[in-house]
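The structure appears below as structure tokens.
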């Protein structure tokens, strides 16, 4: 699967053999407004891919198209294809509900379920698929350990999730996404509501998780992208206000030797 | 004490002994309102869920409009409608006819409170459930509804308090009964109905009992509102 766009020179994505997700001519709309214009991207397996760019260029919209959350917005439209291991997730036979179990998501604001305990928050996805109690109990420790939260909550799994701090709640949300053992985890500015220490913990965690999962992270914070991402995608708006990808490639190249002028302006802080 | 344990006793001039009580009205009110609650709660909550979770559709707009109209209809109109549709057809005044009339008054209150409470649940919660691969109905029932439960219960209690004090719909459906009865398919007595009938009587003792029945109703409404306050306060505390 070769990547060909008009700005091909600035798009340097990994070889197709490493592809986990491939976006082909993906256009996303809200009603008549184009939020993201024709996008071609390859997202490599078991790597961290960051999407950066100014506010309102459709980073989150693009992310939410990857687990078909975008289409839940009234008036949302999708054109093009998104291949997950070669199969189009927008294909007619694909159940979006099953897809979302393969492609998990962590949101900007920690959103644990307030009426449930810490353990119940982790197992909610498994409850959904009718997993037996024993399996759910095992998943609690498995997921909380991977989310680097186990040691802090092991003695109070029955307490309400809201008793945790913001950073802990976000790691709980990561554990909740992990518990259903997805292949891909989408993160929409997962640390923007957190303090620097909690942010650092989340970033360490992301690096750790990339061994087992493919991670796509949207972030406003360029330093964060530089720290955690193997690949970086820079988006901006064209004259009609539609978001599109300007440049993509290995993070180090994007930050040290950007090929597109707009990327350079953004990462050096001249715009955005 | 007889007031709570006795039923109607014919007033005879110079009679000795107790003056009777309103037990039959307390039992009647409890049964009629209870049955109305059983009818109205599921309908009201389901309609509220529909309105909150499927906001945009034409059906939702129509239902919301009908609910608003229904909540503004004078209760006597609901009573007369129940009289024509139920009492006339079955040729029988009955507690159940009264329950159905009261339920019609309760449904709009429960529906709108449920809708408003569900709307207060942040959208991020629904997204969290969707992102885990939860179907809409599952997310609504197991995630969204529990978070709004305090408010929904409040709506049900307020609707109950409103219905317990209604007189007009009962006049033409339940009729009234001086005996203690638990038969919802026959005429019954209810507190507001008793209060209304007894104030028309030329006997002082019955007038006093009417005041007593009115006091019970006031205390019931007061108690319900206090219960609602306590419930909502506990809910809003993080």
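Protein chains in written order, with the numbering used here: chain A, 123 to 394; chain B, 410 to 647.
We put the CB at the ideal spot given by N, CA and C, even for glycine.
No experiment lies behind these values; they were computed from the predicted model shown.
Roughly how many angstroms separate the alpha carbons of residue i and residue j, rounded to a whole number?
| i | j | result |
| --- | --- | --- |
| residue 551 (chain B) | residue 457 (chain B) | 16 Å |
| residue 291 (chain A) | residue 502 (chain B) | 59 Å |
| residue 465 (chain B) | residue 459 (chain B) | 10 Å |
| residue 153 (chain A) | residue 180 (chain A) | 14 Å |
| residue 264 (chain A) | residue 307 (chain A) | 16 Å |
| residue 413 (chain B) | residue 430 (chain B) | 6 Å |
| residue 547 (chain B) | residue 239 (chain A) | 18 Å |
| residue 522 (chain B) | residue 448 (chain B) | 17 Å |
| residue 220 (chain A) | residue 295 (chain A) | 19 Å |
| residue 332 (chain A) | residue 262 (chain A) | 20 Å |
| residue 594 (chain B) | residue 504 (chain B) | 6 Å |
| residue 549 (chain B) | residue 233 (chain A) | 16 Å |
| residue 126 (chain A) | residue 150 (chain A) | In this predicted model, residue 126 (chain A) has a pLDDT of only 42, less than 50, meaning its place in the structure is not dependable; the value taken from the coordinates is given anyway. Roughly 19 Å separates the two Cα atoms. |
| residue 609 (chain B) | residue 512 (chain B) | 28 Å |
| residue 537 (chain B) | residue 639 (chain B) | 30 Å |
| residue 526 (chain B) | residue 388 (chain A) | 43 Å |
| residue 274 (chain A) | residue 323 (chain A) | 13 Å |
| residue 244 (chain A) | residue 559 (chain B) | 24 Å |
| residue 557 (chain B) | residue 284 (chain A) | 16 Å |
| residue 572 (chain B) | residue 633 (chain B) | 12 Å |
| residue 598 (chain B) | residue 298 (chain A) | 55 Å |
Step through the CB atoms of chain A and report whether any lies within less than 8 Å of the CB of residue i.
| i | result |
| --- | --- |
| residue 465 (chain B) | yes |
| residue 556 (chain B) | yes |
| residue 536 (chain B) | yes |
| residue 632 (chain B) | no |
| residue 471 (chain B) | no |
| residue 546 (chain B) | no |
| residue 542 (chain B) | yes |
| residue 552 (chain B) | yes |
| residue 646 (chain B) | Note that residue 646 (chain B) scores 44 on pLDDT, short of 50, meaning its location in the model is unreliable; the coordinates nonetheless yield the value given after this. Not closer than 8 Å to any Cβ of chain A, the Cβ of residue 646 (chain B) fails to qualify, so no. |
| residue 503 (chain B) | no |
| residue 508 (chain B) | no |
| residue 539 (chain B) | yes |
| residue 533 (chain B) | yes |
| residue 640 (chain B) | no |
What first and last residue would you give for the alpha helix (DSSP H) that runs through residue i?
| i | result |
| --- | --- |
| residue 532 (chain B) | 532 to 540 |
| residue 445 (chain B) | 432 to 462 |
| residue 228 (chain A) | Looking at the DSSP string, residue 228 (chain A) is not in any alpha helix (DSSP H); the run it does join, the beta strand (DSSP E), is 225 to 228. |
| residue 326 (chain A) | 318 to 331 |
| residue 257 (chain A) | 255 to 268 |
| residue 601 (chain B) | 600 to 608 |
| residue 377 (chain A) | 373 to 378 |
| residue 474 (chain B) | 467 to 481 |
Can you check whether the C-beta of residue i is within less than 8 Å of a C-beta belonging to chain B?
| i | result |
| --- | --- |
| residue 135 (chain A) | no |
| residue 254 (chain A) | no |
| residue 226 (chain A) | yes |
| residue 335 (chain A) | no |
| residue 231 (chain A) | yes |
| residue 188 (chain A) | no |
| residue 307 (chain A) | no |
| residue 383 (chain A) | no |
| residue 236 (chain A) | yes |
| residue 374 (chain A) | no |
| residue 288 (chain A) | no |
| residue 166 (chain A) | no |
| residue 223 (chain A) | yes |
| residue 338 (chain A) | no |
| residue 194 (chain A) | yes |
| residue 262 (chain A) | no |
| residue 200 (chain A) | no |
With residue i as the anchor, note down where its beta strand (DSSP E) starts and where it stops.
| i | result |
| --- | --- |
| residue 163 (chain A) | 155 to 166 |
| residue 206 (chain A) | 198 to 206 |
| residue 147 (chain A) | 141 to 152 |
| residue 119 (chain A) | Any answer about residue 119 (chain A) is impossible in this case: the structure gives chain A only from 123 up to 394. |
| residue 336 (chain A) | 336 to 340 |
| residue 597 (chain B) | No beta strand (DSSP E) contains residue 597 (chain B), which DSSP labels as neither H nor E. |
| residue 174 (chain A) | 170 to 174 |
Count the other CB atoms within 10 Å of the CB of residue i; is the residue buried (16 or more) or exposed (fewer)?
| i | result |
| --- | --- |
| residue 318 (chain A) | exposed |
| residue 346 (chain A) | buried |
| residue 260 (chain A) | exposed |
| residue 183 (chain A) | buried |
| residue 360 (chain A) | exposed |
| residue 156 (chain A) | buried |
| residue 310 (chain A) | buried |
| residue 500 (chain B) | exposed |
Using a Cβ distance threshold of 8 Å, determine whether the region 582 to 599 of chain B contacts the region 360 to 380 of chain A, with at least three qualifying pairs required. no
Are the region 184 to 202 of chain A and the region 274 to 285 of chain A touching by the rule of at least three beta carbon pairs closer than 8 Å? no
Do three or more CB pairs link the region 163 to 180 of chain A to the region 138 to 146 of chain A at distances below 8 Å? At 8 Å Cβ cutoff, the stretches touch.
Quick check: the region 147 to 162 of chain A against the region 360 to 367 of chain A, are at least 3 beta-carbon pairs closer than 8 Å? yes
Could you check whether the region 566 to 582 of chain B touches the region 488 to 507 of chain B, counting it as contact only if at least three pairs of C-beta atoms, one from each stretch, sit closer than 8 Å? yes
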